[in-house]
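Visitor:
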RNA sequence: GCCCUCAUCGUCUAGUGGUCUAGGACACCAGGUUUUCAUCCUGGCGGCAGGGGUUCAAAUCCCCUUGAGGGUACCA
């Protein structure tokens, strides 16, 4: 087995995976791919209250959707399993025992209520809330007394007696120093028999031979505790890289606040964002290539990416820019693919049936080709394409009527129909030419040509280019609508 | 409160002591694409948080202030 770089993404299945998590996964993935290393997916489900299998499945599904394949771990297997923390409890217990035996940890019988009281007192005194080590030096009979009371203990890790400086050498931030004075004897095993995060993460990363830990900035303050644990076991300490956080528009940690703001990956997928667009966008939050490229393929990003180039400061999630980028990807993508992805939205809107004939498919292709230029994401396609599917409906009938009553309109419509009928080739360019000619040969202002025609055909005063609309509707439908408009005016 | 992190246009960012009257992108504004919205093209608006140092020279280094964020759990 080669001694390559080993990275991991260890989400906790306590909620749907969102933008922030996924960006962490992405950066781990990028760095693993860049270095031909191994990416491990581990599930941290030690919070029995909130962890569910459903959320775990969502994580896997969304990672696949974004194209972040995993080399080892959940869904893949590997020689360092199991990869679900709830299945590793025996391992954690074994290591906790070791600490207990070596006098580096101890049982604590304090109840949550007692702890809460301690914290409140500390707050009142203006001190940092630290565990007062009440159970650290318990005598045998005191221990027995607690046991008899039926108290279930937790296990705490002993902080060194002497003040000690802990230095993190962060790949992104450089040196970060902590004093053990601000740490307390933290819990490594909960009374429910599960290890705490700080304990399990160290055991797993060490046993799974993780060489680099790339995670969110919110973990910086956990790191000194973890380093102490590594040292207590004599494990080699991995390198750390703490990513800047992704903030919402109010500069607070990104999270779901209302139905309207999308933060979960699934929401973006359902709205019709393209995975490669989200991938590209996410790679650019907190990182950028040396040159001024923005639209980049996966391969380009991998080759340009370097963890040490990652920004230190947190970034606001800019949905406007994502929208622009996604729209660009939609316009540049293969049309057939955009069609396949768009059809479900059209079906859901009731615009297209379950069965699509070959003829309908060809027609749909034209419609989507036109509609895609106006959208940020695919679920907007039905609204954009609606005019091609439904009966004519006026957004403002009075306004349209006034427009049709104009004396020049009849001439315009008549000439247009005639020219269209005489067309040798009914295609966009030819149709466009007709309008050019129309403007030359008719004593009418351009506005008086385009507006009434648009209104007569679509009932709206904005939409795709007229030549596209006429091309898609076809001669018969165009004539019909023009005639109807004229009839209305009479 | 205490600990930690961060600080360039509204937003994402380039910038690692002189080439910076600070570059790009999104958004916004204007013009163009024989003229609708959009797309596309061109141009414009707009920023080094403040104060002290260090230096011939500072967006870049140091200190302070301020601001923002994270942590301070038998959550991860």
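Residue numbers (my numbering): 10 to 499.
Where a beta carbon is used, it is the ideal one built from N, C-alpha and C, also for glycine.
Which of the three DSSP states is assigned to residue 250 in this structure?
Guide: In the first chain, residue 250 corresponds to position 241, counting from 1. Three-state result, residue 250: strand.
Visitor: Tell me which residues share the same chain as residue 256 and place their Cβ nearer than 8 Å to its Cβ, disregarding the 5 neighbours each side in the sequence.
Guide: The count along the first chain starts at 1 and reaches residue 256 at position 247. Once the five neighbours on either side are set aside, the close Cβ partners of residue 256 are 262, 263, 323, 324, 325 and 326.
Visitor: CB residue 386 to CB residue 282, shorter than 9 Å?
Guide: Working through the first chain from its first residue, we reach residue 386 at position 377. Working through the first chain from its first residue, we reach residue 282 at position 273. The answer is yes: Cβ separation under 9 Å.
Visitor: How many angstroms separate the CA atom of residue 488 from the CA atom of residue 388?
Guide: Locating residue 488 in the first chain gives position 479, where the first residue counts as 1. Locating residue 388 in the first chain gives position 379, where the first residue counts as 1. Looking at the two C-alpha atoms, the distance is approximately 31 Å.
Visitor: Does residue 191 come out as helix, strand or coil in the three-state DSSP assignment?
Guide: Locating residue 191 in the first chain gives position 182, where the first residue counts as 1. Three-state result, residue 191: helix.
Visitor: Given a threshold of 16 other Cβ atoms within 10 Å of its Cβ, counted over all protein chains shown, does residue 42 qualify as buried or as exposed?
Guide: Your numbering for residue 42 matches position 33 in the first chain. Buried, by the Cβ-count rule.
Visitor: Going by the CB atoms, is the gap between residue 172 and residue 190 shorter than 9 Å?
Guide: For this step, residue 190 is matched to residue 181 along the first chain. For this step, residue 172 is matched to residue 163 along the first chain. Taking 9 Å as the Cβ cut-off, residue 190 and residue 172 qualify as a contacting pair.
Visitor: Determine the extent of the beta strand (DSSP E) in which residue 47 is found, giving its start and end residues.
Guide: Locating residue 47 in the first chain gives position 38, counting from the first residue. Looking at the DSSP string, the run of the beta strand (DSSP E) that includes residue 47 is 47–50.
Visitor: Mapping the DSSP letters down to three states, classify residue 19 as helix, strand or coil.
Guide: For this step, residue 19 is matched to residue 10 along the first chain. The answer is coil: DSSP assigns residue 19 none of H, G, I, E or B.
Visitor: Could you give the DSSP three-state label for residue 256: helix, strand or coil?
Guide: Numbered from its first residue, the first chain carries residue 256 at position 247. Note: residue 256 maps to strand in three-state DSSP.
Visitor: Starting from residue 490, trace the alpha helix (DSSP H) in both directions and tell me its first and last residue.
Guide: Along the first chain, read from residue 1 onward, the residue named residue 490 stands at position 481. Per DSSP, residue 490 belongs to the alpha helix (DSSP H) from 484–498.
Visitor: Any idea what DSSP makes of residue 101, helix, strand or coil?
Guide: Here residue 101 is taken as the residue at index 92 of the first chain, counted from 1. In the structure shown, residue 101 sits in a helix (DSSP, three-state: H, G or I).
Visitor: With 16 as the cutoff for other CB atoms within 10 Å, does residue 59 come out buried or exposed?
Guide: Working through the first chain from its first residue, we reach residue 59 at position 50. With fewer than 16 Cβ atoms within 10 Å of its Cβ, residue 59 is classed as exposed.
Visitor: Do you know offhand how far residue 437's Cα is from residue 483's?
Guide: Counting from 1 along the first chain, the entry for residue 437 is found at position 428. Counting from 1 along the first chain, the entry for residue 483 is found at position 474. Each residue's alpha carbon lies about 11 Å from the other.
Visitor: Evaluate residue 292 with the Cβ neighbour count: other Cβ atoms within 10 Å of its Cβ, from every protein chain shown; 16 or more gives buried, anything less gives exposed.
Guide: Mapped onto the first chain, residue 292 falls at position 283. So residue 292 ends up on the buried side.
Visitor: Any heavy atom of the ligand HEM closer than 8 Å to the Cβ of residue 238?
Guide: This structure does not include the ligand HEM; it has no bound ligands of any sort.
Visitor: Out of 137, 310, 85 and 246, which one is the CA nearest neighbour of residue 179?
Guide: Working through the first chain from its first residue, we reach residue 179 at position 170. With distances taken between Cα atoms, residue 179 lies closest to 246.
Visitor: Rounded to the nearest angstrom, how far is the Cβ of residue 242 from that of residue 215, given a contact under 8 Å?
Guide: Numbered from 1 along the first chain, position 233 holds the residue referred to as residue 242. Numbered from 1 along the first chain, position 206 holds the residue referred to as residue 215. The Cβ separation is near 7 Å, so the contact holds.
Visitor: Taking the beta strand (DSSP E) that residue 115 falls in, what are its first and last residues?
Guide: Stepping through the first chain from its first residue, residue 115 is reached at position 106. Here the beta strand (DSSP E) through residue 115 covers 114–117.
Visitor: Consult DSSP for residue 244 and reduce its assignment to one of helix, strand or coil.
Guide: Counted from its first residue, the first chain places residue 244 at position 235. The answer is coil: DSSP assigns residue 244 none of H, G, I, E or B.
Visitor: Pick from 154, 377, 365 and 372: whose alpha carbon is nearest that of residue 343?
Guide: Here residue 343 is taken as the residue at index 334 of the first chain, counted from 1. Considering only alpha carbons, the answer is 377.
Visitor: Mapping DSSP to helix, strand and coil, what is residue 428?
Guide: Start at 1 with the first residue of the first chain, and residue 428 comes out as number 419. Residue state, collapsed to three classes: helix.
Visitor: Using three-state DSSP, classify residue 212 as helix, strand or coil.
Guide: Walking along the first chain from the start, residue 212 turns up at place 203. Three-state result, residue 212: helix.
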